[in-house]
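Right, one structure below, let's go through it.
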Ligand code: AMP
Ligand code: MG
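Residue numbers (UniProt numbering): 1 to 341.
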């Protein structure tokens, strides 16, 4: 694999541009949208991205230059084509199109969920994992099979991170809620039963978040945060375990911002140890939304001829990972695929 790609992420709160080659991240510059109150406001987030797009792009080009890579060496521009907030996606896509035109290089439209998976495969020893991707807006269990990443289980309503953030907002905690919930949970004394909603291989967190808010009327913040975490994490670990059993794979990769949670890691580690599977967690900078993952999947796609015309580069707020033909996988995985059939 060869090439140098500049990628831009901006599906929600983090506007981030990175330049990567097959060996490493050459440069990355980010600017986060921080809501003054409440959760992410889509229009304000998009305005933030529009305001700082030139700052992150100029910054990443300058940083790359210091590391010996010039703008003329960039082979392609990639961007998050979806899923995400429509207004944010459109803003970032516009910046990416203009860059591709001005540098006269191809454009690559990246599925944000698959970028989380691929950066994890790049930055950990995982080769063919079942991925638990738990972020603000998304919660999915993904694994490669027969030319595509299949969604083995997913949330039927909100993502786990948003469920935490929603509860935290109603409990008067700031945004994002996940890290604070983790802190409170450490000092809990009791488990309070909360709705455990797994339907087949799918998950639902909305009722759990509301029930946790209700439980605060009778129980301490510590006990509710602990019980919320235990219940939600048991649900995602159960679905991940069943995906392992179903696919016969022996690796689990954790992705997405909620993956920062130490209790979730511990529960996945226990499940993997019991099943004889390996468990992989990338460095924190590659877990939440980041430009490097968009640039890296952009490189894989560019290298396998998976580029788009500016005319056909519309964004898709509901872009599903199983819509993407995987053009970039190695021979080994393809052999695995044959065995699966
Ligand atoms: P992402 O959308 O992947 O960037 O992840 C953002 C989400 O991760 C937010 O909803 C946060 O509340 C959540 N999050 C971040 N850190 C933690 C943590 N330590 N425990 C649980 N959730 C977390
Ligand atoms: Mg994400």
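C-beta atoms are modelled at their ideal positions from N, C-alpha and C, and glycine is treated no differently.
Treat the numbers as computed from the prediction; the structure is a model and nothing was measured.
Do residue 270 and residue 115 count as a contact pair if the criterion is CB distance below 7 Å? By 1-based counting over the chain shown, the position of residue 115 is 115. By 1-based counting over the chain shown, the position of residue 270 is 270. Going by C-beta atoms, residue 115 is not nearer than 7 Å to residue 270.
If you follow the beta strand (DSSP E) that residue 128 is in, where does it begin and where does it stop? Within the chain shown, the letter at position 128 stands for residue 128. From DSSP, residue 128 is part of no beta strand (DSSP E); its letter is neither H nor E.
Please return the same chain residues whose Cβ sits closer than 8 Å to the Cβ of residue 324, not counting the five positions on each side in sequence. The residue you call residue 324 lines up with position 324 of the chain shown. The answer, listed in chain order, is 111, 114, 148 and 149.
Starting from residue 319, follow its DSSP beta bridges and name the residues at the other end. Taking the first residue of the chain shown as position 1, residue 319 is located at position 319. Answer by DSSP bridge pairing: none, since residue 319 is not bridged.
Since residue 101 and residue 5 should fall inside the 8 Å C-beta cutoff, what is the C-beta to C-beta distance between them, to a whole number of angstroms? If you number the chain shown from 1, residue 101 lands on position 101. If you number the chain shown from 1, residue 5 lands on position 5. With a Cβ gap of about 16 Å, residue 101 and residue 5 do not count as contacting.
To which residues does DSSP link residue 25 through a beta bridge? The count along the chain shown starts at 1 and reaches residue 25 at position 25. The partner list for residue 25 (beta bridge, DSSP) reads 20.
For the ligand AMP, I want to know if residue 176 counts as a neighbour, meaning its beta carbon is within less than 6 Å of at least one of the ligand's heavy atoms. In the chain shown, counting from the first residue as 1, residue 176 sits at position 176. Result yes, Cβ under 6 Å from the ligand AMP.
Can you tell which of 317, 310 and 327 has the C-alpha that lies nearest to the C-alpha of residue 304? Position 304 of the chain shown, counting from 1, holds the residue named residue 304. For residue 304, the nearest C-alpha among the options comes from 327.
For the putative contact between residue 135 and residue 257, defined by C-beta atoms under 8 Å, what is the C-beta separation to the nearest angstrom? Counted from its first residue, the chain shown places residue 135 at position 135. Counted from its first residue, the chain shown places residue 257 at position 257. Confirmed, Cβ separation roughly 5 Å.
If you run the structure through DSSP and keep just helix, strand and coil, what is residue 182? As a first step, residue 182 must be located in the chain shown, where it is residue number 182. Helix.
Residue 340 to residue 291, Cα distance in whole Å? Mapped onto the chain shown, residue 340 falls at position 340. Mapped onto the chain shown, residue 291 falls at position 291. Here the model assigns residue 340 a pLDDT of 44, short of 50, so the residue's position is not dependable and the matter cannot be decided.
List the whole-angstrom C-beta distance separating residue 226 from residue 185, where the pair is believed to meet the contact cut-off of C-beta under 8 Å. Walking along the chain shown from the start, residue 226 turns up at place 226. Walking along the chain shown from the start, residue 185 turns up at place 185. Contact holds; Cβ gap of about 4 Å.
Neighbourhood of residue 3 by C-beta, 8 Å cutoff - its chain only, sequence neighbours within 5 removed: Working through the chain shown from its first residue, we reach residue 3 at position 3. 21, 22, 75, 76, 299, 302 and 303.
Nonlocal neighbours in the same chain, by C-beta distance under 8 Å from residue 48, ignoring five residues either side: Here residue 48 refers to the residue found at position 48 when the chain shown is read from its first residue. If we look at residue 48 and ignore the five residues flanking it on each side, its Cβ neighbours are 15, 31 and 33.
Which of helix, strand or coil does DSSP assign to residue 277? As a first step, residue 277 must be located in the chain shown, where it is residue number 277. Note: residue 277 maps to coil in three-state DSSP.
Is residue 21 close to the ligand AMP? I mean its beta-carbon at under 6 Å from any heavy atom of the ligand. Indexing the chain shown from 1 puts residue 21 at position 21. Remark: the C-beta of residue 21 is outside contact range of the ligand AMP, defined as less than 6 Å to any heavy atom.
Hey, could you find the ends of the alpha helix (DSSP H) residue 255 is sitting in? Translated into the one-based positions of the chain shown, residue 255 becomes position 255. Note, residue 255: premise wrong, no alpha helix (DSSP H); beta strand (DSSP E) at 251-255.
Separation of residue 190 from residue 243, as counted between CA atoms: To locate residue 243, count along the chain shown from 1; it is residue 243. To locate residue 190, count along the chain shown from 1; it is residue 190. Whole-angstrom Cα-Cα distance: 31 Å.
Residues bridged to residue 198 by DSSP? The residue given as residue 198 occupies position 198 in the chain shown. Looking at the DSSP assignment, residue 198 forms a beta bridge with 203.
Is residue 261 near the ligand AMP, with its Cβ less than 6 Å from a heavy atom? Residue numbering aside, residue 261 sits at position 261 when the chain shown is read from its first letter. Yes; taking the cut-off as 6 Å, the Cβ of residue 261 has a heavy atom of the ligand AMP nearer than that.
Quick check: residue 181 and residue 205, are their CB atoms within less than 7 Å of each other? Here residue 181 refers to the residue found at position 181 when the chain shown is read from its first residue. Here residue 205 refers to the residue found at position 205 when the chain shown is read from its first residue. Not closer than 7 Å, so no.
Exposure label - residue 104; buried when at least 16 CB within 10 Å: Start at 1 with the first residue of the chain shown, and residue 104 comes out as number 104. When all chains shown are included, residue 104 counts as exposed.
Is it buried or exposed, residue 120, if we count other Cβ atoms within 10 angstroms and call 16 or more buried? Start at 1 with the first residue of the chain shown, and residue 120 comes out as number 120. Residue 120 comes out buried.
Is residue 187 buried or exposed, if buried means 16 or more other CB atoms sit within 10 Å of its CB? Residue 187 sits at position 187 when you count from the first residue of the chain shown. Label assigned to residue 187: exposed.
So if I measure from each beta-carbon to every heavy atom of the ligand MG and keep distances below 5 Å, which residues remain? For the ligand MG, the selected residues are 135 and 289.
Please check if any C-beta of chain B sits within less than 7 Å of the C-beta of residue 100. Looking at the structure shown, chain B is missing, and only one protein chain is on hand.
Could you tell me which residues DSSP puts in a beta bridge with residue 79? Position 79 of the chain shown holds residue 79. DSSP output for residue 79 lists 8 and 109 as bridge partner(s).
Cβ distance (whole Å) where residue 88 is taken to contact residue 11 below 8 Å: Translated into the one-based positions of the chain shown, residue 88 becomes position 88. Translated into the one-based positions of the chain shown, residue 11 becomes position 11. So it is a contact: roughly 6 Å between Cβ atoms.
Which partner residues of residue 214 appear in the DSSP bridge assignment? To locate residue 214, count along the chain shown from 1; it is residue 214. In DSSP, residue 214 forms no bridge with anything.
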